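*Asks:* Here it is, the structure in full.
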């Protein structure tokens, strides 16, 4: 119990069990209690769904044969509502980013994207698909009777004192309507720029770029790589009563007190371009544009930076340097990019190794070869020395998981033995060996020499080469360094680096 003096809770337990049952109270921390409750959620979801299926009044085969029977079911209070609620609860406590409700040929498959990886957790009778989809449509204020075209909506739920915004996309398929729900946790508690995985010189460069009053900071990467979260953390750093900060987002995922956040709505003509044009008349100091998608938005972002505004935005490119040719392809002039770009950041989100079940494993010859090849690009880097220092420092601090860390050794053949880390699987990580995700970054400082290269229309490869010669750590290098520290694994770094 969190409170051993909670007499009402103790009396409630005594009433639940036989009179002679003795209640023994143990004190636990809140995070420990939450951990136990979270472990049970998967089993609870399955059992609650099973009970709900038993309570379905209309035989499921009848629903399948006559979809009009859905209208005879009270979708708010019927068992199908309990099924949907159980799915949502499990998604929240398992920290899923997306829920996929997919009609298959013979069943309704429910998958969750947990820490970036799709996992099937539930299978329902195919005949329930129309009722489940209709329930989600009602919650999202979508048209129940429209099944021919895609629909988008959203709703909000509260689970364990957290408000979760859920963005809904419904798509007609050959087997029925598929629903994808994106969970957007709007609370900012625990969000820090340091917590993203930025550190060392990369963190310093980011903070330096945030301290200037004009220019453009771009964060690049594929969908789901954490760009929005990084920008939200950046806005929280600069958010101050003396500064007017305005963001244009689609959608607004993280609500930041003190920041004027604008939801893009193309249906009424509010696009990034039209919104940015209006925002510049709102006397902003800092503007965040969710994504630069077209030439008009890019031109307005550059114009805003030239007129004394700091602009933060995102692009879909594979590397930091690749942002330059992408903007050139949009029709931007090289001299304008050279004079406005301050910082280019690329990132990915590999999974974190579970610190509870983590164990040290000697690197294989192939892994050693990869470590040497990738990390040799860091000037003056000594693999044995670096790993020894960082492991000893973590052990001295007593960080979680540090007991499993092993400093490098010299083997019988005189060759160094470097250890990497894997999760063996436990209740905390659900047997996967991973819990949560961590950012890996490359931060390209657009210094004077890089600016000249941009103006001369030098290729992205040459810009990247110059940045690395100037000390830039690449995403893969950053990931490998974090793998040596037991934060992630080489397999995860290579998986996300291919995205």
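In the working numbering, the protein residues as written are 398 to 896.
C-beta: ideal position from N, C-alpha, C; glycine also.
Bear in mind the structure is a predicted one, so any value in this text is a computation, not a measurement.
Please work out which residues of its chain come closer than 6 Å, Cβ to Cβ, to residue 788, disregarding the five sequence neighbours upstream and downstream, and give them in chain order.
*Replies:* 802 and 804
*Asks:* List, from N- to C-terminal side, the alpha helix (DSSP H) runs of 4 residues or more that fit wholly inside the region 699-745.
*Replies:* 720-726 and 731-737
*Asks:* Please report the straight-line C-alpha distance between residue 531 and residue 493, rounded to a whole angstrom.
*Replies:* 22 Å
*Asks:* Any idea which residues DSSP pairs residue 574 with across the strands?
*Replies:* 569
*Asks:* Taking the alpha-carbon positions, what's the residue 615 to residue 769 distance?
*Replies:* Cα to Cα, the separation comes out at about 30 Å.
*Asks:* On the three-state DSSP scale, how would you describe residue 414?
*Replies:* coil
*Asks:* If I'm right that residue 548 touches residue 540 with Cβ under 8 Å, what's the distance once you round it to whole angstroms?
*Replies:* 7 Å
*Asks:* Can you look up residue 609 in the DSSP assignment and give me helix, strand or coil?
*Replies:* Coil.
*Asks:* Can you grab the Cα-Cα spacing for the pair residue 555 / residue 605, in whole Å?
*Replies:* 38 Å
*Asks:* Is it right to say residue 818 is buried, meaning 16 or more other beta carbons lie within 10 angstroms of its own, or is it exposed?
*Replies:* buried
*Asks:* Counting only runs that start and end within the region 470-522, where is the beta strand (DSSP E) found for 3 or more residues in a row?
*Replies:* For the region 470-522, whole beta strand (DSSP E) runs of length 3 or above, ordered along the chain, are 493-500, 504-511 and 514-522.
*Asks:* Keeping to the same chain, check which residues put their C-beta closer than 8 Å to that of residue 836; ignore five residues upstream and five downstream.
*Replies:* 593, 594, 595, 623, 627, 744, 745 and 746
*Asks:* Below 8 Å CB to CB, which residues in the same chain sit around residue 833 once its five sequence neighbours on both sides are set aside?
*Replies:* Result list for residue 833: 492, 512, 748 and 749, in chain order.
*Asks:* Hey, quick one: how far does the alpha helix (DSSP H) through residue 846 stretch, first residue to last?
*Replies:* Run containing residue 846: 845-852, per the alpha helix (DSSP H) assignment.
*Asks:* Using only CA atoms, which one of 533, 558, 588 and 601 lies nearest to residue 566?
*Replies:* 533
*Asks:* Looking at C-alpha atoms only, which residue of 866, 691, 603 and 679 is the closest neighbour of residue 738?
*Replies:* 603
*Asks:* Could you please give the first and the last residue of the uninterrupted alpha helix (DSSP H) stretch that includes residue 545?
*Replies:* Secondary structure note for residue 545: it is in no alpha helix (DSSP H), with a DSSP letter that is neither H nor E.
*Asks:* By how many angstroms is the C-alpha of residue 872 removed from the C-alpha of residue 617?
*Replies:* 12 Å
*Asks:* Mapping the DSSP letters down to three states, classify residue 463 as helix, strand or coil.
*Replies:* Interpretation of residue 463 is limited by its pLDDT of 45, a score under 50 that renders its predicted location unreliable; the figure taken from the coordinates is listed afterwards. Residue state, collapsed to three classes: coil.
*Asks:* Compare the beta carbon distance of residue 811 and residue 754 with 7 Å and say whether it is the shorter of the two.
*Replies:* Going by C-beta atoms, residue 811 is not nearer than 7 Å to residue 754.
*Asks:* Considering only the beta carbon of each residue, do residue 701 and residue 708 sit closer than 7 Å?
*Replies:* yes
*Asks:* Give me, in chain order, the residues of the same chain whose beta-carbon lies closer than 8 Å to that of residue 630; leave out the 5 immediate sequence neighbours on both sides.
*Replies:* 588, 589, 590, 592 and 593
*Asks:* Using a Cβ distance threshold of 8 Å, determine whether the region 641-661 contacts the region 674-688, with at least three qualifying pairs required.
*Replies:* yes
*Asks:* For residue 453, does the three-state DSSP call read helix, strand or coil?
*Replies:* Any reading at residue 453 needs caution, since the residue's pLDDT is 47, under 50, leaving its predicted position unreliable; the model's value is listed next. Coil, per DSSP.
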